[in-house]
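Student:
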Amino acid sequence: MLSASSVYPSSALSRACTYHLTKHTLLLGIIASVGLSACSSQQTVSKQIAPKPMVETSSSTTMKKPRLAVATSNTSLVSEMRAPDPFLILRSTASPSPSSISPPMVRPEPISAEPEANDNYQKNDANPVHRTTDMAVSTLSIDTDTGSYANVRRYLNEGQLPPVDAVRVEELINYFNYQFDDGKRLGNAPFVVATEVVDSPWDRADQDNKIVKVGIKAVENSWSNKSANQIMPAANLVILVDVSGSMSSRDKLPLVQSSLKLLMEQMRAQDSISIVTYSGSTSVALPATSGDQKAKILAAIESLSASGSTNGEDALKLAYRQAEQAMKKDGINRIMMLTDGDFNVGISDVDDMLDLVKSNRERGISLSTVGFGRGNLNDHMMEQMADNGNGNYSYIDSLTEAKKVFGDELAATFNMVAKDVKVQVEFNPDVVSEWRLIGYENRVLNEQDFNNDKVDAGELGAGKAVIALFEVTPKGQKGLYSDRRYTDSNATVKVNSKQQANELGYLKIRYKAPTGDTSKLLSQPINNDSHSLDKANADTQFAMAVAGFGQRLTQSEYINEWQYNDSSKLATSSFARQLSSDKDGTRRNFVTLTELASALDSTK
1 MLSASSVYPS SALSRACTYH LTKHTLLLGI IASVGLSACS SQQTVSKQIA
51 PKPMVETSSS TTMKKPRLAV ATSNTSLVSE MRAPDPFLIL RSTASPSPSS
101 ISPPMVRPEP ISAEPEANDN YQKNDANPVH RTTDMAVSTL SIDTDTGSYA
151 NVRRYLNEGQ LPPVDAVRVE ELINYFNYQF DDGKRLGNAP FVVATEVVDS
201 PWDRADQDNK IVKVGIKAVE NSWSNKSANQ IMPAANLVIL VDVSGSMSSR
251 DKLPLVQSSL KLLMEQMRAQ DSISIVTYSG STSVALPATS GDQKAKILAA
301 IESLSASGST NGEDALKLAY RQAEQAMKKD GINRIMMLTD GDFNVGISDV
351 DDMLDLVKSN RERGISLSTV GFGRGNLNDH MMEQMADNGN GNYSYIDSLT
401 EAKKVFGDEL AATFNMVAKD VKVQVEFNPD VVSEWRLIGY ENRVLNEQDF
451 NNDKVDAGEL GAGKAVIALF EVTPKGQKGL YSDRRYTDSN ATVKVNSKQQ
501 ANELGYLKIR YKAPTGDTSK LLSQPINNDS HSLDKANADT QFAMAVAGFG
551 QRLTQSEYIN EWQYNDSSKL ATSSFARQLS SDKDGTRRNF VTLTELASAL
601 DSTK
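Residue numbers (my numbering): 1 to 604.
Here's what the structure looks like:
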């Protein structure tokens with residue numbers, strides 16, 4: 001049980017008690033009869049929060065530092081513990097004479113509920129600064145998920161700052177499309193690689209840090225491309241839909257149905273689609289159906305309704321059986337789970353569920369997750385499911401986002417051009433004294449994992465761009481660490497040539513073909529030449545604007561005095577130089593989000 005004081009601020013308690021006990025003294029008897037539990041911190045809330053099913057230990061939505069934001073208290077519980085309205089009680093009984101009561105008072109507006117109180121996010125502490133002589137190598141898996149950005153946007157549009165742990169900086173950066181005009185294709189890789197070194201915009205006046213951009217962009221591929229070697233493979237899609245009672249709100253099942261209608265319009269005759277639903281029971285709402293049978297698919301979508309508890313009977317296993325029955329050799333075979341976050345899909349153990357996802361991944365059936373709504377959004381588990389299923393995690397906060405995921409970027413969402421993509425950067429200790437990776441906290445790999453083809457990593461979809469940013473301190477410049485009096489002679493690697501002396505670092509990339517088991521290695525040096533931010537590539541400038549925004553939202557200690565309006569100015573400057581980069585308006589919308597965050601954040 002939770003005490004009233006743990007969910008109701010003391011100042012609010014005081015006002016509530018004063019209001020009920022002094023302004024309505026004639027109603028004390030009635031109030032006493034129903035019990036005003038909020039006026040005593042010794043009373044407890046009568047309703048407990050049921051534990052989330054199948055959730056590993058992770059953080060709540062509590063922020064690291066108190067910040068002024070709209071509706072940041074747990075008011076859903078407050079509303080449950082309030083006493084019945086005394087005015088309503090009076091109206092249900094005999095009315096007293098007008099002279100026997102005080103003039104009616106203006107009642108304070110109730111605080112709006114905050115359903116996010118039960119949302120679940122993984123706690124990720126920011127990557128630390130490393131001394132290069134101690135640790136020169138950074139290894140990571142790429143991340144093409146976009147769920148965090150859409151979820152952050154939803155929070156801001158609703159008038160509150162997102163919880164710190166809901167912000168994954170790399171997902172904010174990689175939400176956007178990048179041109180990479182400065183990129184080059186290495187060998188026969190299905191992507192181009194772009195690197196750049198520019199001045200850091202958020203270091204202190206006594207620092208001279210640099211930002212190193214490593215960018216990867218897959219070769220374009222689309223549904224409409226008719227060339228023989230680039231046509232989109234046939235797709236076998238199984239849609240696993242949560243239709244429990246909690247999905248009834250407008251931002252859940254109705255939005256799911258509208259999103260599926262957009263997806264339906266993209267389906268072709270060579271594609272197939274199945275729909276499996278789960279709530280109190282599991283059923284096949286639509287067996288595998290050719291993508292050109294629009295009327296049949298539409299009828300199945302419109303027949304979906306939300307009711308009952310969430311207790312799917314092996315729903316995930318049924319979805320995999322449907323995918324296996326309609327399996328397309330050399331095609332796209334994917335399950336898409338659409339839910340508000342309740343993972344009661346008939347498998348009671350988290351490890352068993354992830355093992356099922358991994359085993360089917362090896363059989364060629366991938367899995368993506370798509371989140372809707374709020375209140376019990378299991379962001380942590382949805383990301384894990386997609387990561388283990390060689391899929392993507394998206395969050396749909398509007399029909400516009402659904403169009404982006406299921407329409408504009410369908411090829412990137414479904415059509416994998418490379419899997420198990422790993423990035424490794426070795427920094428030159430004669431050039432770089434310190435470094436840190438921005439974001440990717442839950443994508444960091446061990447150095448030895450880079451050459452181990454059994455270690456899973458991220459997938460790259462057709463046309464998708466991924467950026468990783470590193471902040472580095474050049475040797476001889478002021479960093480986080482003090483100079484050492486005694487240096488281990490083996491700690492510093494001496495460069496062997498004049499060419500290597502001008503290398504800031506060395507980049508390696510490993511990837512596998514979509515159906516391959518053995519990785520291929522690409523490598524190139526990162527030149528030490530740097531330039532000012534105003535001369536940086538427009539893509540680099542915009543990515544850094546988003547990185548600054550994300551780090552400010554997470555209250556990063558590394559960005560000093562950088563503010564939301566700094567991100568706004570840098571972003572605006574970047575797409576003013578490259579108008580073609582914002583055809584869909586997402587970059588301008590980002591600027592709007594920086595303005596909303598600035599208005600809501602009292603710590604700026």
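Each residue gets a CB set at the ideal place from its N, CA and C atoms; glycine is no exception.
1) For P128, count neighbouring Cβ atoms within 10 angstroms of its own Cβ and tell me buried if that reaches 16, exposed if not.
2) What is the DSSP secondary structure of M327, counted as helix, strand or coil?
3) Given a cut-off of 9 Å, decide if Q322 and V284 are closer than it, judged by their beta-carbon atoms.
4) Determine contact between the segment 499-506 and the segment 444-458, defined as no fewer than three beta-carbon pairs at a distance below 8 Å.
5) Sort out for me which residues DSSP pairs Q424 with in a bridge.
6) Shorter than 8 Å, the distance from the beta carbon of K328 to the closest heavy atom of the ligand FAD, or not?
7) Buried or exposed: K422, going by 16 or more other Cβ atoms within 10 Å of its Cβ?
8) Is the Cβ-Cβ distance between I526 and V197 less than 9 Å?
9) One question on the structure: do S368 and Y393 come within less than 9 Å of each other, judged by their Cβ atoms?
10) Considering only the alpha carbon of each residue, which of V417, R436, N378 lies closest to V425?
11) What alpha helix (DSSP H) runs, 4 residues minimum, are completely inside the segment 263-315?
12) Can you give the beta carbon distance from A315 to V345, rounded, assuming they're within the 8 Å contact cut?
13) Can you tell me whether L253 is buried or exposed, with buried defined as 16 or more other CB within 10 angstroms of its CB?
14) Assess contact between the segment 584-599 and the segment 139-156, defined as three or more Cβ pairs (one per stretch) separated by less than 8 Å. Is contact present?
15) Within 10 angstroms of its Cβ, does S482 collect 16 or more other Cβ (buried), or is it exposed?
16) Name the residue from E471, A545, G479, V370 whose alpha carbon lies nearest to the alpha carbon of V214.
17) Tell me which same chain residues have a C-beta within less than 8 Å of the C-beta of D397, skipping the five on either side of it?
18) Hey, I301 and Y320 are a contact pair by Cβ (cut 8 Å); roughly how many whole angstroms apart?
19) Between Q524, A418, G364, which has its C-alpha nearest F427's C-alpha?
20) Who pairs with Q384 in a beta bridge, going by DSSP?
21) Just the C-alpha distance for T586 and R485, rounded to the nearest angstrom, thanks.
22) With DSSP run on the structure shown, which of helix, strand or coil describes E362?
23) Going by beta carbon distance, what residues of the same chain come within less than 8 Å of L480, once the five residues before and after it are set aside?
24) Rounding to the nearest angstrom, what Cα-Cα distance links S231 and Y564 in this structure?
25) Between S574, L255, S141, which lies nearest to A402 when the distance is taken from Cα to Cα?
26) For P254, which three-state DSSP category applies?
27) Could you please give me the residues that DSSP links to I526 through a beta bridge?
28) Going by C-alpha distance, which of Q325, A218, F343 is nearest G461?
29) Measuring only the C-alpha atoms, how far is Q179 from I142?
30) Using 8 Å for Cβ pairs, my map puts T132 next to V432. What's the rounded Cβ distance?
31) Here's the rule I'm using: 16 or more other beta-carbon atoms within 10 Å means buried, otherwise exposed. How should G187 be labelled?
32) What are the residues that DSSP puts in a beta bridge with R131?
33) Taking contact to mean at least 3 C-beta pairs separated by less than 8 Å, is the segment 546-555 in contact with the segment 158-175?
Tutor: Short version:
1) Counting Cβ neighbours within 10 Å, P128 comes out exposed, since fewer than 16 surround it.
2) In the three-state reduction of the DSSP assignment, M327 falls in the coil class.
3) A Cβ-Cβ contact shorter than 9 Å links V284 with Q322.
4) Too few Cβ pairs lie closer than 8 Å, so no.
5) For Q424, which the question treats as bridged, DSSP gives the partners T139, K508.
6) As presented, the structure is devoid of all ligands, the ligand FAD included, so that no description of it is given.
7) If you draw a 10 Å sphere on the C-beta of K422, you find 16 or more other C-beta atoms in it, and that means buried.
8) Yes.
9) The answer is yes: Cβ separation under 9 Å.
10) Residue R436 is the option with its Cα nearest to V425.
11) If we require 4 residues or more, the alpha helix (DSSP H) runs fully inside the segment 263-315 come out as 294-302.
12) Yes, A315 and V345 are in contact; Cβ-Cβ is about 4 Å, under 8 Å.
13) With at least 16 other beta carbons inside 10 angstroms of its own, L253 counts as buried.
14) Yes, they touch.
15) Exposed, by the Cβ-count rule.
16) Considering only alpha carbons, the answer is E471.
17) Non-local beta-carbon contacts of D397 in its own chain, meaning distances under 8 Å to residues more than five positions away in sequence, involve A150, N151, R153, R154, N157, D251 in chain order.
18) About 21 Å separates the CB atoms of I301 and Y320; that is not less than 8 Å, and the two are not in contact.
19) When only C-alpha atoms are compared, the closest one is Q524.
20) Looking at the DSSP output, Q384 sits in no beta bridge, so it has no partner there.
21) Within the model, the alpha-carbon separation for T586 versus R485 is close to 50 Å.
22) Three-state DSSP puts E362 in a helix.
23) Within the same chain, L480 has close Cβ partners V129, E434, T473.
24) Rather than Ser, the amino acid found at residue 231 in this sequence is Ile. In a straight line, the C-alpha of I231 is about 42 Å away from that of Y564.
25) Relative to A402, the option among S574, L255, S141 whose CA is nearest is L255.
26) In the structure shown, P254 sits in a helix (DSSP, three-state: H, G or I).
27) In DSSP, I526 forms a bridge with G505.
28) When each option's Cα is compared against that of G461, the closest is A218.
29) Cα to Cα, Q179 sits roughly 18 Å from I142.
30) With a Cβ gap of about 5 Å, T132 and V432 count as contacting.
31) Classification of G187: exposed, given that the 10 Å Cβ count is below 16.
32) DSSP lists E434 as partners of R131.
33) At 8 Å Cβ cutoff, the stretches touch.
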